[in-house]
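Written out below as structure tokens is the structure these notes cover.
2 protein chains.
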Amino acid sequence: MQKLNVGILIFEDVEVLDFAGPFEVFSRVVSKDVMPKAQPTADDPDAPFNVFTVASTAEPVLAIGGLRVLPEYSFDTAPPIDVLVVPGGFGTRPLLENQPVLDWVRTTAEAASTVTSVCTGALLYAKTGLLAGRKATTHWAALDLLASLDPTIQVDRKRRWVDDGVVTSAGVAAGIDMALHVVESLCDKETADRTARYIELVRHAPDDRRY
Amino acid sequence: MQKLNVGILIFEDVEVLDFAGPFEVFSRVVSKDVMPKAQPTADDPDAPFNVFTVASTAEPVLAIGGLRVLPEYSFDTAPPIDVLVVPGGFGTRPLLENQPVLDWVRTTAEAASTVTSVCTGALLYAKTGLLAGRKATTHWAALDLLASLDPTIQVDRKRRWVDDGVVTSAGVAAGIDMALHVVESLCDKETADRTARYIELVRHAPDDRRY
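As you go down the protein sequences, you meet chains L and Z in turn. Every letter in the first sequence is one number past the one before it in our numbering, and letter 90, counting from 1, is 1134. Every letter in the second sequence is one number past the one before it in our numbering, and letter 83, counting from 1, is 1127.
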């Protein structure tokens, strides 16, 4: 399998675990039964994913709670993205009115082979029309807002993640399960289970939504 | 309850979810049934914890997988820490020979009221003698190494986290459960459950270790 580029969008007031969970999962996948390595995924021949963060500019991004992250790429410098991850957080609300970011999300999603969101990242997909007519979910506190952004979306309130062409997940920690689902889809179940074991994560079935 | 300072150590090759999981949990706790806010925890009167990262210097820290984080404080500038979190990752191995970091860990732990580790962060506590005679755990791949660093440690291979004066957890994702346990201890069960609900995290019992 050719190495796939996983691009994770970060922005002011992004929720920490929304981007850090999928970052952890995709960067710790190895294609056979060896331990993941400390070296960057781009340099590890056993790593099927090359994982990086992308922000609108190269400036440090202040995540919710005050965590400050330096994006690896800006919109201008990012390489082609195969797997797009759009996390959520309060920062998604101002982005609903930020046309350059919405344009980047739409064009990057259209070029990607796998399009995913965590939590309220789904709102950005909804706003750009990417969820039209699809089943989708989001954080429990944003389900009505998701429905209001595009009435053609079939909002799913019962599942931890929904894969209907675009893969959307419930809030925050559900993004970890969603990322493992994508690993299982793009690699295989053994690889996803091995990754879960490495990070000592108990996987949930998609219909195991508790909140 | 007076706001408690939660200091999370970060270092070269720290595991992303090891520090991001507890950061997410502690920074999203609110002391009553309101939504957590986007503003920093230091400024939110409903936030019982003020959460920040600390590194040996103010330089950006390259975590495993290539995530680059700007520490909020260096050892020289950090405020007093009430709740210390030492995460793991491959970067803990060189730190076992880094006396300034070991000294900081020991003196900061001795001054803190709550001392915690995720994954192989426990190795640093073991090396500084903080786990002498205590029950403790770590990532499944490092249990033997933990035992070898201090033969008086009662290494627990069955629990997702162990609270024996020092709170140690199993690998990576187990740090999220560990942090919620600390929230429950310092606040109450309702507060911890509300935080878990906000981040859509299914809590595990301490004896629910799968790996």
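For each residue, glycine too, the CB sits at the ideal point set by N, CA and C.
Helix, strand or coil at residue i [DSSP, three-state]
i, result
"K1076 (chain Z)", "coil"
"L1245 (chain Z)", "coil"
"K1233 (chain L)", "helix"
"T1196 (chain Z)", "coil"
"K1179 (chain L)", "strand"
"F1112 (chain L)", "For the sequence presented, residue 1112 (chain L) should be read as Arg rather than Phe. Correct three-state label for R1112 (chain L): strand."
"I1052 (chain L)", "strand"
"Y1169 (chain Z)", "helix"
"L1190 (chain Z)", "helix"
"T1097 (chain L)", "strand"
"D1207 (chain Z)", "strand"
"V1105 (chain L)", "strand"
"T1158 (chain L)", "strand"
"T1212 (chain L)", "strand"
Residue j beta carbon less than 8 Å from that of residue i
i, j, result
"R1178 (chain L)", "R1253 (chain L)", "no"
"F1134 (chain L)", "A1082 (chain Z)", "yes"
"E1244 (chain L)", "A1170 (chain Z)", "no"
"G1051 (chain L)", "A1107 (chain L)", "no"
"V1060 (chain L)", "L1139 (chain L)", "no"
"A1064 (chain L)", "A1218 (chain Z)", "no"
"R1150 (chain L)", "L1167 (chain L)", "no"
"F1093 (chain Z)", "Y1117 (chain Z)", "no"
"A1180 (chain L)", "V1069 (chain L)", "no"
"G1109 (chain Z)", "P1131 (chain Z)", "no"
"L1230 (chain L)", "T1158 (chain L)", "yes"
"D1207 (chain Z)", "R1247 (chain Z)", "no"
"D1062 (chain Z)", "V1162 (chain Z)", "yes"
"L1189 (chain L)", "D1126 (chain L)", "no"
"V1105 (chain L)", "P1066 (chain L)", "no"
"V1113 (chain L)", "V1098 (chain Z)", "no"
"R1238 (chain Z)", "D1077 (chain Z)", "yes"
"V1227 (chain L)", "V1073 (chain L)", "yes"
Where residue i falls, given that 16 or more other Cβ within 10 Å makes a residue buried
i, result
"S1192 (chain L)", "exposed"
"M1079 (chain Z)", "exposed"
"S1100 (chain Z)", "buried"
"R1201 (chain Z)", "exposed"
"T1136 (chain L)", "buried"
"D1057 (chain L)", "buried"
"D1232 (chain Z)", "exposed"
"A1153 (chain Z)", "buried"
"T1235 (chain L)", "buried"
"T1172 (chain Z)", "buried"
"P1115 (chain Z)", "buried"
"D1120 (chain Z)", "exposed"
"D1194 (chain L)", "buried"
"P1144 (chain Z)", "exposed"
"A1249 (chain L)", "exposed"
"A1156 (chain Z)", "buried"
"A1176 (chain L)", "exposed"
"T1160 (chain Z)", "buried"
"M1088 (chain Z)", "According to the sequence as given, residue 1088 (chain Z) is Asp; it is not Met. Buried: at least 16 other Cβ atoms inside 10 Å."
"T1196 (chain L)", "exposed"
The beta strand (DSSP E) enclosing residue i, as first and last residue numbers
i, result
"V1060 (chain L)", "Counting along the chain, V1060 (chain L) falls outside any beta strand (DSSP E), though it belongs to the alpha helix (DSSP H) covering 1060-1071."
"L1174 (chain L)", "Segment: none, L1174 (chain L) is in no beta strand (DSSP E) and carries neither H nor E."
First and last residue of the uninterrupted alpha helix (DSSP H) at residue i
i, result
"A1155 (chain L)", "1143-1155"
"L1139 (chain Z)", "1136-1139"
Relative to chain L, which residues along the segment 1099-1117 of chain Z have a C-beta separation below 7 Å, given in chain order? P1104, I1108, G1109, G1110, L1111, R1112, V1113, L1114, E1116
Which residues, in order along the segment 1196-1230 of chain L, keep a beta-carbon less than 8 Å from a beta-carbon of chain Z? R1204, A1214, G1215, V1216, A1217, A1218, I1220
Residues in the segment 1084-1099 of chain Z having any Cβ partner in chain L nearer than 8 Å: P1084, T1085, A1086, V1095, F1096, T1097
Which residues of the segment 1145-1156 of chain L have a Cβ closer than 9 Å to any Cβ of chain Z? Give them in chain order. Contact residues of the segment 1145-1156 of chain L toward chain Z are absent (C-beta to C-beta distance below 9 Å).
Residues in the segment 1059-1082 of chain L with C-beta within 9 Å of chain Z's C-beta atoms, listed in sequence order? E1059, V1060, L1061, D1062, F1063, A1064, G1065, F1067, E1068, V1069, F1070, S1071, R1072, M1079, P1080, K1081, A1082
Residues within the segment 1123-1142 of chain Z neighbouring chain L, beta-carbon criterion of under 7 Å: F1134
Give me the subset of the segment 1045-1057 of chain Z whose CB atoms are less than 8 Å from a CB atom of chain L, sorted by chain position. D1057
Using a Cβ cut-off of 7 Å, which residues of the segment 1233-1247 of chain Z contact any Cβ in chain L, in chain order? R1241, I1243, E1244, L1245, V1246
Which of the residues in the segment 1164-1196 of chain L, read from start to end, lie with their CB under 9 Å from any CB of chain Z? Taking 9 Å as the cut-off between beta carbons, the residues of the segment 1164-1196 of chain L near chain Z are H1183, W1184, A1185, in sequence order.
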